[in-house]
Structure formats: structure tokens, C-alpha cells
């Protein structure tokens, strides 16, 4: 009888254990790891307290930066991702503000989606710019001569901060040289001036180049191609000193540019008067010697004219120098 009770008790205990297991299995709920790995919100607070909301398009995080605001080197975005997902770099981490900066969102189930920043700065176009310097066209080439400090003007939006605006000479072989500049703005016009003039030691004659202006995120390039050129043959009143010369005697003018091209010269007492020819008796690199003909009219002369032949960097021309502006430059012819 006792054994029967023991057997019955064990049977009941086993039944209760079995029932408990059934209840546990019935109550147990299966949870599947979340597969979601998207960026739901990406925003940036600017230095002035305003908020920029990025647009999430596919795998691009498109950030439109407002116009007329300084563009930062880095941003610290606030990011919301799918439930149970994580992102790297984490929300609140400073990252470079540039197109291509990558983010990676990892879902709970381990699946990964990659994103990248696409930085779009709403800066107005630079528009066109003009070269203010005097240029000359010779043999279909637009020349800018030695001694010229390149000067541009523009009515487009240009930062006057030289840390943000840069001017480059881009030669035909693609070499790019930055020019140090000074920038001023007045009445809607901006002037960009190269501090250093063109010199032969740095820019060989016949160097061809375009000008490229970079301001902020915008770039403008000249449509015109320019050619570096030496100075054209020229005489200046500064080369002359007052002198009295007898018929048959000579005088020399020094400081001339490329004397070999000069072909004739003359003196006159009036701007529109008759020019009496001088004899060119000698020419060197930068000086010309003139001889007074034996029958040259006597008197004091206030104007000097000259002509020169064409060359690879200049056209043939006739020009004159006014000596009347200073008594210290006039030429008097005597017996």
C-alpha cells in the first residue's frame, strides 16, 4: 500500500513538472533582432544658434550651408538612427565638413548601411571678372607686359578676406601659381590686385596663361588666354635732359627699351608742327645716339617724335614725347 502511495506521488510530481514546461514554452516569446539601419534625422546647430536639417537621399547626407555664413572646417551633428541601431562616428562627434565624409549605421542584426556627407554651400556665383590692366594684341596674342601688377574687377560676390579668395596664373601646361593679392570692395565692385608685378626672372616671355579666381567654394576662370611679353620700344620724357647741341654734333638718349627697333626720330617746336628729322648714328641695347644735320633749323624744340618697326611682341608705331612740360628737358639747336 505504501508503495502505491509513493508511485502515485511521483507520478503527480512528474505530471506537474511536465505541465510547467508546457506552460513555460507557451509563454515564451521569440524576439528577432532588428534589421533597421537608417539615419532618420541629421541636424547641425550653427554658431548663430540656427539649425540646419540635412536631407537624407539614398546614401547621401545632403547639407545645404546658408549663403553669407562662414563655412566651418568641422561640424558636430546631432543624429537619430533606427531603433536599436548604432552609428559611427557617433552623434555629437565633431567631423570634417566636406563631401565624402563617411558614416556607418549598424542594425541590431549586424547589417550595415553606409552614408556620406554631401556638402553644398549656397554661395552666389562669382560671375565674370575683367582684367583692368592695359593689354595689347599682337599677332593674335593678348599681351600683358613685364612690370604689370595684374588687376581684376568683378561685380560678383567675392570674399574680401585673402584667406578665402585666391588668384592663380594657370599656364598652358596646367601649372598653377598663386599670386599674393590685395582686395578692396566699394559700391558693389571688388578689385583684386596682385601685389608683385610680372618679372622676366619668373615668367619667361611668351608664357601663355589664364587667370583663375577662387573665392570660398566658387571658381571663375578667364575666357581669354594672355601672353607674358617684354615692354614695347618706348621713349619717355624722363630720358631727356635740357641740352644745347650744335649742328653736326650728337646727343645720346639712354633708358630706351629695345633700341634696335627704332627707325627714325625728329624734333618740333609745336605739337602739330613740322618735325625735322634727326640722324640715328648709333644704337645699343638701351641707348640711341642722334646727330644734328648740318642744315637743321635753329631754335628750341619742345616735342620729340620717333618710330619703330614691328617685332614679335609689338606692332610698328609712331609716337611722340612732349618736352614742353619741363624746361629741364628742352633741346636747343645752335650754329
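Numbering (full-length UniProt numbering), first residue to last: 1 to 335.
Note that the Cβ used here is the ideal one computed from N, Cα and C, for glycine as well.
All of these numbers come straight from a predicted model, not from anything done at the bench.
Would a C-beta distance cut-off of 9 Å place residue i and residue j closer than the cut-off?
i	j	result
residue 222	residue 132	no
residue 340	residue 237	The structure shown does not extend to residue 340, since the chain is modelled only from 1 to 335, so the question has no answer here.
residue 97	residue 79	no
residue 174	residue 220	no
residue 242	residue 330	yes
residue 170	residue 210	yes
residue 66	residue 50	yes
residue 229	residue 264	no
residue 294	residue 308	no
residue 320	residue 218	no
Within its chain, find whatever has a CB closer than 8 Å to the CB of residue i; leave out the 5 residues flanking it on each side and keep chain order.
i	result
residue 69	46, 48
residue 254	239, 286, 287
residue 26	Since pLDDT at residue 26 reaches only 49, below the 50 mark, its modelled position is unreliable, and the value read off the structure follows with that caveat. Nothing listed; no residue qualifies.
residue 135	142, 143, 144, 226
Under 6 Å Cβ to Cβ from residue i, same chain only, skipping five residues before and after it: list those, please.
i	result
residue 324	302
residue 72	97
residue 56	39
residue 377	This structure leaves residue 377 out entirely; the chain is present only between 1 and 335.
residue 101	95, 117
residue 28	For residue 28, the predicted model reports a pLDDT of 49, less than 50, meaning its position is unreliable; a value from the coordinates is still stated below. Excluding sequence neighbours, residue 28 sits near nothing in its chain.
residue 61	42, 54, 115, 117
residue 35	107, 109, 111
residue 52	44
Name the one or two DSSP bridge partners that residue i has.
i	result
residue 277	266
residue 142	137, 226
residue 183	192
residue 48	BP columns for residue 48 are empty, so no partner.
residue 65	121
residue 308	262, 317
Within its chain, find whatever has a CB closer than 7 Å to the CB of residue i; leave out the 5 residues flanking it on each side and keep chain order.
i	result
residue 334	244, 246, 298
residue 266	275, 276, 277, 278, 305
residue 260	283
residue 289	250, 252, 281, 282
Any 3 or more C-beta pairs closer than 8 Å across the stretch 158–169 and the stretch 246–256: no
3-residue-minimum beta strand (DSSP E) runs that sit fully inside the stretch 72–126, ordered along the chain: 78–81, 86–88, 102–106, 112–121
Cβ contact check for the stretch 106–126 and the stretch 193–205: 3 or more pairs under 8 Å: no
Inside the stretch 213–258 only - beta strand (DSSP E) runs reaching at least 3 residues: Those beta strand (DSSP E) runs which fall completely within the stretch 213–258 and span 3+ residues are 218–221, 226–229, 243–246, 250–254.
Stretch pair the stretch 121–129 + the stretch 147–154: three plus CB contacts closer than 8 Å: yes
Meets three-Cβ-pair contact criterion under 8 Å: the stretch 310–318 and the stretch 273–281: no
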